[in-house]
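Chemist: Listed in order, the protein sequences are those of chains A and B.
Just add 16 to the spot in the first sequence (first one is 1) and you have the working numbering.
Just add 114 to the spot in the second sequence (first one is 1) and you have the working numbering.
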Amino acid sequence: MSDNEAQVAERPTRRGAGVGRVLVAVYAILAIAATGRSVFQIIDRFGEAPVAFTLSAFSGVVYIVATIALGARLRRLAWITISIELAGVLIVGSLSLLAPAVLGLHSIDPFGRDSTVWSAFGAGYLLIPLVLPVLGLLYLRRSGPVAVAASGDDAAADPVAKL
Amino acid sequence: MIYAYTIAQVLVACAAGLACVVLGLAGRRPNDLTLGALVLVELLLIAQLVIALIAPGLGNHASGSVPEFYVYLISALLIPPLAIFWGLIERTRWSTVVLGVAAFAIAVMVFRMEQIWSVQLA
Chain A
17 MSDNEAQVAE
27 RPTRRGAGVG
37 RVLVAVYAIL
47 AIAATGRSVF
57 QIIDRFGEAP
67 VAFTLSAFSG
77 VVYIVATIAL
87 GARLRRLAWI
97 TISIELAGVL
107 IVGSLSLLAP
117 AVLGLHSIDP
127 FGRDSTVWSA
137 FGAGYLLIPL
147 VLPVLGLLYL
157 RRSGPVAVAA
167 SGDDAAADPV
177 AKL
Chain B
115 MIYAYTIAQV
125 LVACAAGLAC
135 VVLGLAGRRP
145 NDLTLGALVL
155 VELLLIAQLV
165 IALIAPGLGN
175 HASGSVPEFY
185 VYLISALLIP
195 PLAIFWGLIE
205 RTRWSTVVLG
215 VAAFAIAVMV
225 FRMEQIWSVQ
235 LA
């Protein structure tokens, strides 16, 4: 148990870093899920819902880049990709429920054959796609030095505003 | 797929996930118990692959999309080894939590595989 005591003593700095590792793991799994699904949808039935499946693939790429950015501690890239994710899940989630025709969706069923990771705010993935970017942004804001976090904040605000 | 075996896999993966997350948050580094739990989950998945390969020959045909099923199964097969690898390299309590997250992901994926195998969504 002396191990554990040492860890507890170091907690203030280690804790943030540790939570970040778990975040990377969850992102990696979501990246596999989103990419795997979109590759299959595009190969199997791209014509059925081209807009939705393109978005599906785009979300997969965003999750892959976010995973790498978090893992390699590329803070600016992490801010940008996670902000895109949050915008994506909110915009695509709203459209999929309010105006599914815009995305070329045939139903709002989050488990349906033309649903994406972001459809219905990620309901098909236990709403993890909605919660994860919020956790990611909170983690980025909390983990970095204040100065870095503040400048990162501005960098993240821009892409969101442009979207 | 065999429904009872699916349920068994989901229960084992959830138990492994819960144990790893709790032990991880309690400060334990990856140990024989938590790494072994993920090895068990992986062994069950390999048995699932064998079952899926043999089942059609014995009259247990998938009514859903077979390629989609295998995309899930092969992705699932990769996850526990990656998590175990991570747990062996990065010896912190958070790696134990990562083992748990991986196990929960397998539980969800196995559940989806059962749906894809047996339910027509189209």
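Heads up, the beta-carbon is just placed ideally off N, CA and C, and yes, glycines get one too.
Remember, it's a predicted structure, so these values are computed and weren't measured experimentally.
Just mark A47(A) as buried or exposed, buried being the case when its beta carbon has 16 or more other beta carbons within 10 Å.
Modeler: Walking along the first sequence from the start, residue 47(A) turns up at place 31. The residue is buried, with at least 16 neighbouring Cβ atoms inside 10 Å.
Chemist: When burial is assigned at 16 or more other CB atoms within 10 Å of the CB, is D146(B) buried or exposed?
Modeler: As a working note, residue 146(B) is residue 32 in the second sequence. Exposed: under 16 other Cβ atoms inside 10 Å.
Chemist: DSSP three-state call for V233(B): helix, strand or coil?
Modeler: As a working note, residue 233(B) is residue 119 in the second sequence. Three-state result, V233(B): coil.
Chemist: I believe W208(B) touches R37(A) by the beta-carbon criterion, under 8 Å. Please report the beta-carbon distance rounded to the nearest angstrom.
Modeler: Along the second sequence, read from residue 1 onward, the residue named residue 208(B) stands at position 94. Along the first sequence, read from residue 1 onward, the residue named residue 37(A) stands at position 21. That pair is a contact at about 5 Å.
Chemist: Any residues in the segment 163 to 190 of chain B with a beta carbon nearer than 8 Å to a beta carbon of chain A? Which ones, in chain order?
Modeler: S179, P181, E182, V185, Y186 and S189
Chemist: Sort R143(B), L159(B), A140(B) and W231(B) by Cα distance to L125(B) and report the nearest one.
Modeler: As a working mapping, residue 125(B) is identified with position 11 in the second sequence. Of R143(B), L159(B), A140(B) and W231(B), the residue nearest in Cα terms is L159(B).
Chemist: Taking the alpha helix (DSSP H) that L121(A) falls in, what are its first and last residues?
Modeler: Indexing the first sequence from 1 puts residue 121(A) at position 105. It is not in any alpha helix (DSSP H) - L121(A) carries neither H nor E in the DSSP assignment.
Chemist: Tell me the rounded alpha-carbon separation between T29(A) and F56(A).
Modeler: Here residue 29(A) refers to the residue found at position 13 when the first sequence is read from its first residue. Here residue 56(A) refers to the residue found at position 40 when the first sequence is read from its first residue. Here the model assigns T29(A) a pLDDT of 48, short of 50, so the residue's position is not dependable, and the following value carries that caveat. Roughly 41 Å between the two C-alpha positions.
Chemist: If L221(B) sits next to G131(B), beta carbons under 8 Å apart, how far is it from one beta carbon to the other, in whole angstroms?
Modeler: The residue labelled residue 221(B) in the question sits at position 107 within the second sequence. The residue labelled residue 131(B) in the question sits at position 17 within the second sequence. It should be pointed out that residue 221(B) corresponds to Ala in this sequence rather than to Leu. With a Cβ gap of about 6 Å, A221(B) and G131(B) count as contacting.
Chemist: To the nearest angstrom, how far is the alpha carbon of L93(A) from that of T206(B)?
Modeler: Stepping through the first sequence from its first residue, residue 93(A) is reached at position 77. Stepping through the second sequence from its first residue, residue 206(B) is reached at position 92. Taking the straight line from one Cα to the other gives about 26 Å.
Chemist: Rounded to whole angstroms, what's the CA-CA distance from I168(B) to T97(A)? Just pull it up for me.
Modeler: On the second sequence, position 54 is the one that residue 168(B) refers to. On the first sequence, position 81 is the one that residue 97(A) refers to. Going from the Cα of I168(B) to the Cα of T97(A) covers about 43 Å.
Chemist: Assuming D130(A) is part of the alpha helix (DSSP H), what are its boundary residues?
Modeler: For the purposes of this step, residue 130(A) is identified with residue 114 of the first sequence, where counting begins at 1. Neither: D130(A) is in no alpha helix (DSSP H) and is coded neither H nor E.
Chemist: Flag this pair as touching only if the segment 98 to 108 of chain A and the segment 142 to 152 of chain A have three or more C-beta atom pairs under 8 Å; answer yes or no.
Modeler: With the cut-off at 8 Å, the segment 98 to 108 of chain A and the segment 142 to 152 of chain A touch.
Chemist: With H, G and I counted as helix, E and B as strand and the rest as coil, what does DSSP make of G138(B)?
Modeler: On the second sequence, residue 138(B) is found 24 positions in, with the first residue counted as 1. Correct three-state label for G138(B): helix.
Chemist: Identify which residue in G173(B), A151(B) and I165(B) has its Cα closest to the Cα of F183(B).
Modeler: Residue numbering aside, residue 183(B) sits at position 69 when the second sequence is read from its first letter. Nearest option by C-alpha distance: I165(B).
Chemist: Within 9 Å (strictly less), CB to CB, does G120(A) reach chain B?
Modeler: Here residue 120(A) corresponds to residue number 104 of the first sequence, with the count starting at 1. By this cut-off, G120(A) is not an interface position.
Chemist: Nearest by alpha-carbon distance to C134(B): which of T148(B), A122(B), C128(B) and G173(B) is it?
Modeler: Indexing the second sequence from 1 puts residue 134(B) at position 20. For C134(B), the closest C-alpha among the options T148(B), A122(B), C128(B) and G173(B) is that of T148(B).
Chemist: Cutting at 7 Å between CB atoms, please list the residues of its own chain near I230(B), excluding the five before and the five after it.
Modeler: Here residue 230(B) corresponds to residue number 116 of the second sequence, with the count starting at 1. Contacts found: G178, S179, E182, F183 and Y186.
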